[in-house]
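Residue numbers (the working numbering): 77 to 295.
In structure tokens:
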């Protein structure tokens, strides 16, 4: 993890190009999401040796068998959440903390959980140094964080074999969960709307490939 905070015209220009690519080529429509991505210095999450990779539309290893997500994937999932300022968002899989920062730029109140202790400690320290404020938890994300439920939105950043019921129960009525569901090789992005106390509406969207969601209610 790079702790050297240099963000000059070159990096800012690279972010602008990335945002233009996401808008024009990847068809991301939410200007709020694009503005959030433009604000977050993605190269901060890379060792300085690999800063030239930071604004490519690719995932990149961060250790512990995990990756920092592809910018398109971050934009795609975030757009599906339709976040309004002040909403309470549960993020399953903190990872590098990059997605967390994008959610915070949208002025969400973010609760984020990570099962890998090294990544949890690193992200918690690093985001604090960047002045991003979220609530961090170490534990099994497939179970959510029930003590702070209900949530307006839930975002799962790892591939699950099914939608964990524990997470759905932690959604507010009218809330949205975005989660990739499938096998360990590919998943369909699923949005789940909680209609009432007992009913949910699910929509299956595009195919992605995520690292697996590991936990009692997942792999």
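Glycine included, C-beta positions come from ideal geometry on N, C-alpha and C. Please read all numbers here as calculations on a predicted model, not as lab measurements.
Under the three-state reduction of DSSP, which class applies to residue i: helix, strand or coil?
| i | result |
| --- | --- |
| residue 104 | coil |
| residue 187 | strand |
| residue 242 | helix |
| residue 267 | strand |
| residue 147 | helix |
| residue 135 | coil |
| residue 180 | helix |
| residue 236 | strand |
| residue 166 | strand |
| residue 288 | strand |
| residue 223 | helix |
At what residues does the beta strand (DSSP E) containing residue i begin and finish?
| i | result |
| --- | --- |
| residue 300 | With the chain running from 77 to 295 in the structure shown, residue 300 is simply not present. |
| residue 214 | 211 to 214 |
| residue 280 | 276 to 284 |
| residue 256 | 247 to 258 |
Output the distance between the C-alpha atoms of residue i and residue j, rounded to the nearest integer angstrom.
| i | j | result |
| --- | --- | --- |
| residue 267 | residue 205 | 33 Å |
| residue 280 | residue 265 | 6 Å |
| residue 289 | residue 236 | 5 Å |
| residue 270 | residue 139 | 35 Å |
| residue 291 | residue 85 | 42 Å |
| residue 256 | residue 88 | 31 Å |
| residue 187 | residue 166 | 5 Å |
| residue 125 | residue 231 | 31 Å |
| residue 196 | residue 147 | 21 Å |
| residue 100 | residue 129 | 20 Å |
| residue 78 | residue 94 | Unreliable placement is indicated for residue 78, whose pLDDT of 44 sits below 50; the coordinate value is still reported in the next sentence. Spanning the two alpha carbons is a distance of roughly 20 Å. |
| residue 132 | residue 90 | 9 Å |
| residue 171 | residue 134 | 15 Å |
| residue 219 | residue 254 | 15 Å |
| residue 275 | residue 249 | 9 Å |
| residue 262 | residue 201 | 32 Å |
| residue 97 | residue 112 | 15 Å |
Since residue i contacts residue j with CB under 8 Å, what's their CB separation in whole angstroms?
| i | j | result |
| --- | --- | --- |
| residue 185 | residue 164 | 5 Å |
| residue 178 | residue 234 | Actually they do not touch by this definition, with Cβ atoms about 17 Å apart. |
| residue 182 | residue 208 | Their Cβ separation, rounded to whole angstroms, is 12 Å, which puts residue 182 and residue 208 out of contact at 8 Å. |
| residue 168 | residue 217 | 4 Å |
| residue 296 | residue 121 | Residue 296 lies beyond the range of the chain shown here (77 to 295); nothing can be said about it. |
Since residue i is in the alpha helix (DSSP H), which residue starts that stretch and which ends it?
| i | result |
| --- | --- |
| residue 117 | No alpha helix (DSSP H) contains residue 117, which DSSP labels as neither H nor E. |
| residue 196 | 193 to 205 |
Do the region 104 to 111 and the region 153 to 173 make contact, defined as three or more Cβ pairs closer than 8 Å?
yes
When the Cβ atoms of the region 112 to 119 are set against those of the region 237 to 254, are three or more pairs found closer than 8 Å?
no
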